[in-house]
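If you count by the numbering used here, then the sequence shown holds residues 5 to 192, one letter each, in order.
Right, one structure below, let's go through it.
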Amino acid sequence: SGKSTWAKLYKKAIIDDGANLAEGLKAGHMFSNVNNHMVAVGVKSGELDRVLGGGLMAGSLTLVGGDPGIGKSTLLLQASANVANLGKKVLYATAEESASQIKLRAQRLGIKSDNLYIFSHTNLDAIRGQIEKTEAKILIIDSIQAIFTPNITSSQGSVSQIRECTNILMEIAKKQNMYVSAFFNIIE
5 SGKSTWAKLY
15 KKAIIDDGAN
25 LAEGLKAGHM
35 FSNVNNHMVA
45 VGVKSGELDR
55 VLGGGLMAGS
65 LTLVGGDPGI
75 GKSTLLLQAS
85 ANVANLGKKV
95 LYATAEESAS
105 QIKLRAQRLG
115 IKSDNLYIFS
125 HTNLDAIRGQ
135 IEKTEAKILI
145 IDSIQAIFTP
155 NITSSQGSVS
165 QIRECTNILM
175 EIAKKQNMYV
185 SAFFNIIE
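Pasting the structure below:
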């Protein structure tokens, strides 16, 4: 039947793709081949550092979720400033608020740092370009539901867009050995 043929083709494509991808790659033994010189960068917020396992870890992606208006943006703006003051370059990409709104919040909180960059845009490709320009090692996305990638045609905020953007952000974290955090709003 047609359904059976499609299932076989799909299964073969997945198997072939995985086999080709695995060529030249090797899993490392946990206690010998894995880089153990990675250090978590504390954000100087006891509870947040505890939840993050000691702080921000390069090559990782953290999703921070909660109801709208509970302070996710403020919390991660403060954490970003703390890390920026340690000499790490941080790009805070805001898709929901303007750069002026973020600046006003930062001023209200007494935040000042030459290593904290604000970029207001919804296109993930534009945000990627700013990572390179600023040479940021930490990326904050506010929020994952408000950004999009032109790689797929579904609308901004759709499950497909959120999934694809999250996958791209994970790839960025791994390839560039940087820390990425993205907010999402829980909406019932």
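C-beta: ideal position from N, C-alpha, C; glycine also.
Status (buried if at least 16 other CB within 10 Å, exposed otherwise) for residue i
i	result
residue 92	buried
residue 185	buried
residue 195	Any answer about residue 195 is impossible in this case: the structure gives the chain only from 5 up to 192.
residue 157	exposed
residue 78	exposed
residue 40	Reliability fails at residue 40, whose pLDDT of 49 lies under 50, so the model's placement of it is uncertain and the value that follows must be treated cautiously. Flag for residue 40 reads exposed.
residue 3	For residue 3 there is no data in the structure shown, the boundaries of the chain being 5 and 192.
residue 165	buried
Beta-carbon separation (whole angstroms), residue i vs residue j, contact threshold 8 Å
i	j	result
residue 129	residue 98	The pair is not a contact, with the Cβ atoms about 16 Å apart (cut-off 8 Å).
residue 138	residue 80	17 Å between Cβ atoms; not a contact.
residue 187	residue 169	In fact, because the Cβ distance is near 12 Å, the residues do not count as touching under 8 Å.
residue 124	residue 102	5 Å
Extent of the continuous beta strand (DSSP E) run through residue i
i	result
residue 159	Counting along the chain, residue 159 falls outside any beta strand (DSSP E), and DSSP gives it neither H nor E.
residue 146	142 to 146
residue 186	183 to 189
residue 151	Where residue 151 is concerned, there is no enclosing beta strand (DSSP E), given that its DSSP letter is neither H nor E.
residue 124	120 to 124
Extent of the continuous alpha helix (DSSP H) run through residue i
i	result
residue 113	No alpha helix (DSSP H) contains residue 113, which DSSP labels as neither H nor E.
residue 164	163 to 179
residue 136	128 to 138
Cross-strand partners of residue i (DSSP beta bridge)
i	result
residue 55	Bridge partners of residue 55: none, in fact.
Heavy atom of the ligand PLP within 8 Å of residue i beta-carbon
i	result
residue 96	Among the ligands in the structure shown, none appear at all, so the ligand PLP cannot be discussed.
| beta strand (DSSP E) runs contained entirely in the stretch 60 to 103, provided each spans 3 or more residues | 65 to 70, 94 to 98
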